[in-house]
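The structure under discussion appears below in the form of structure tokens.
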Amino acid sequence: MLRQFWTLMLAFLVVLAVPNAGNTTFNGHVSIVNSVAFSSNGNLALSGSWDWTMRLWDLSTHKPIRKFKDHILSVNDAVFSPDSKMVLSASADATLKLWKISDGKPFRTFKGHTGMVTAAAFAPNGKFILSGSTDKSLILWDLKSGAIIRRLLGHRGPVLAAVISSDGSSAISSSYDGTLRRWNLNSGQTETIFEGHRFSVNDVALSKNGEIMVSGSVDETVRIWDVATGRILKTLYGHEGFVASVAITPDGKRALSAGRDRIVRLWEVTSGKLIHSMEGHEKAVWSVAFSPDGKTALSGGGDEVLRLWDLSSGLEISK
Numbered sequence: 006m007l008r009q010f011w012t013l014m015l016a017f018l019v020v021l022a023v024p025n026a027g028n029t030t031f032n033g034h035v036s037i038v039n040s041v042a043f044s045s046n047g048n049l050a051l052s053g054s055w056d057w058t059m060r061l062w063d064l065s066t067h068k069p070i071r072k073f074k075d076h077i078l079s080v081n082d083a084v085f086s087p088d089s090k091m092v093l094s095a096s097a098d099a100t101l102k103l104w105k106i107s108d109g110k111p112f113r114t115f116k117g118h119t120g121m122v123t124a125a126a127f128a129p130n131g132k133f134i135l136s137g138s139t140d141k142s143l144i145l146w147d148l149k150s151g152a153i154i155r156r157l158l159g160h161r162g163p164v165l166a167a168v169i170s171s172d173g174s175s176a177i178s179s180s181y182d183g184t185l186r187r188w189n190l191n192s193g194q195t196e197t198i199f200e201g202h203r204f205s206v207n208d209v210a211l212s213k214n215g216e217i218m219v220s221g222s223v224d225e226t227v228r229i230w231d232v233a234t235g236r237i238l239k240t241l242y243g244h245e246g247f248v249a250s251v252a253i254t255p256d257g258k259r260a261l262s263a264g265r266d267r268i269v270r271l272w273e274v275t276s277g278k279l280i281h282s283m284e285g286h287e288k289a290v291w292s293v294a295f296s297p298d299g300k301t302a303l304s305g306g307g308d309e310v311l312r313l314w315d316l317s318s319g320l321e322i323s324k
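All the letters of the sequence shown, read from the start, carry residue numbers 6 to 324 under the numbering used here.
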């Protein structure tokens, strides 16, 4: 979802890759971890980093299983295929790569963007993928052939995140232009423009039924939206500094957010109530994700590590 890279660039922050001084069981990356994801069965985790690599983790042991390396610049987004047999990476080198988990080797490279690729998403049927870029466009690709199906144009700034609806008919993107857009993937046309954030919208998450959307912004807020009407249902305050990443449970009842203030926050969507503030990262948190059952969460940060959280207690899970 390189919302993180772009936000840092705009904030004029220069982050150098230095050995991690913290004590964590998810050690391995040597730069910012800016993408995390759970496999469909919840047993594995995937991370993408500014160190140009992705890593596959066993969540039962907190140990790395495999390292994916072929990009020549940072990996800005990393996602599992619906069956979790493949992974997809989006990179600042302007490409996406498709990898088999079984051997850790890329077997297809997608070229078509003229800027850094910031976001990647699989369609639920696994037949096509969607990418977003700093070139202000999204591209819908045929997974099997690698061919471009269509380009989605409309944003006036870099695209920072993108998600596909569970029925595969539409997508939501967020942008540095301060808006989100809902796209009809069959026509490539914008159906709705969501306005409300004052600055760059760094990330977006969509409930499984496609009715509720969560966004996080440089304006330090998290917003809950009614997708059908485009109306803001709640504005959640509490973060000090930009919000880099958001996530929502499949049932749309809880949301996660994290950003510059190093705190992972768990919210109740309907009421906007803050449930937990989870602290442990030593630098900004760039990515968060819910497990499939919604009981745990992953976070990745500028401290080069991943952390696993128990959401009933709000405490970090040790090995």
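Beta carbons are placed, not taken as given, at the ideal position from N, Cα and C, and that holds for glycine. Bear in mind the structure is a predicted one, so any value in this text is a computation, not a measurement.
Nearest C-alpha to residue 216 among 207, 210 and 233: 233. Among the bridge pairs identified by DSSP, residue 73 is matched with 59. Distance from the CA atom of residue 314 to the CA atom of residue 302, rounded to whole angstroms, is 5 Å. Beyond the five residues adjoining it in sequence on each side, residue 307 comes within less than 7 Å, by CB distance, of 20, 37, 288, 289 and 291 in the same chain, given in chain order.
Looking only at 193, 99 and 33, the smallest Cα-Cα distance to residue 67 is reached by 33. In this structure, DSSP gives residue 232 a state outside helix and strand, which the three-state scheme calls coil. Of 268, 293 and 297, the smallest CA-CA separation from residue 286 is found for 268.
Counting only residues of its own chain and dropping the five nearest sequence neighbours on each side, residue 75 has a CB closer than 7 Å to the CB of 102 and 111. The stretch 151-159 and the stretch 233-243 do not touch, with fewer than 3 CB-CB distances between them shorter than 8 Å. Its Cα nearest to that of residue 187, the residue 166 stands out among 72, 205, 166 and 140.
By the C-beta criterion, the stretch 40-60 is judged not to be in contact with the stretch 128-142, since fewer than 3 inter-stretch pairs fall below 8 Å. One thing to note: residue 252 has its Cβ within 8 Å of the Cβ of residue 260. Within the DSSP secondary-structure output, residue 284 pairs in a beta bridge with 268.
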